[in-house]
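Below: one structure, written as structure tokens.
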């Protein structure tokens, strides 16, 4: 199975992992996990925002991998770009957790460009 397919699985799991550390607080109520009060500020709010953005980015990434594969793009480039996307998303989540907005925005932009490169890779690879 191509590495890019495994990256789709990683991209699907990453948003869940983005909010997971915020649930290690004694204040977290598993009976009411979506309480807006819990996710209102600080690290918890940033972790929740990273999770939401991960869910937003996932469909375009997954579709781009499948478009690239179905349109005859180079498997080498598909795999390389898919791995790059995952690495950039990991940086993005770390920057969100640590409240570094400028590097976070750069990581987001680079991951978006990676998706566009994947989507169009059959034209240039």
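Residue numbers (this note's numbering): 307 to 431.
Every residue, glycine too, gets a C-beta built ideally from N, C-alpha and C.
Only a predicted model underlies this, so the values are computations on that prediction, with no experimental measurement involved.
I believe residue i touches residue j by the beta-carbon criterion, under 8 Å. Please report the beta-carbon distance rounded to the nearest angstrom.
i, j, result
"residue 318", "residue 353", "Rounded, the Cβ-Cβ distance is 17 Å, inconsistent with contact."
"residue 266", "residue 373", "Nothing about residue 266 can be read from this structure; the chain reaches only from 307 to 431."
"residue 385", "residue 327", "Going by Cβ atoms, the distance from residue 385 to residue 327 rounds to 29 Å, so no, they are not a contact pair."
Who are the Cβ neighbours of residue i in its own chain at under 6 Å, not counting the five residues just before and after it?
i, result
"residue 399", "324, 356"
"residue 311", "none"
"residue 380", "431"
"residue 369", "none"
"residue 383", "427, 431"
Mind checking residue i: buried by the 16 CB within 10 Å criterion, or exposed?
i, result
"residue 430", "exposed"
"residue 371", "buried"
"residue 421", "buried"
"residue 331", "exposed"
"residue 321", "buried"
"residue 337", "exposed"
"residue 423", "buried"
"residue 358", "exposed"
Give every residue of the same chain whose Cβ lies closer than 7 Å to the Cβ of residue i, excluding the five residues on either side of it in the sequence, and list them in chain order.
i, result
"residue 409", "401"
"residue 397", "413"
"residue 345", "351, 354"
"residue 389", "309, 313"
"residue 255", "Since the displayed the chain opens at 307 and closes at 431, residue 255 lies outside it and no answer follows."
Going by beta-carbon coordinates alone, are residue i and residue j separated by less than 8 Å?
i, j, result
"residue 387", "residue 416", "no"
"residue 361", "residue 313", "no"
"residue 378", "residue 428", "yes"
"residue 403", "residue 366", "no"
Is there a Cβ from chain D that is less than 8 Å from the Cβ of residue i?
i, result
"residue 356", "Protein chains in the displayed structure number just one, and chain D is not present."
Residues in its own chain within less than 8 Å of residue i by CB, not counting five upstream and five downstream?
i, result
"residue 335", "341, 344"
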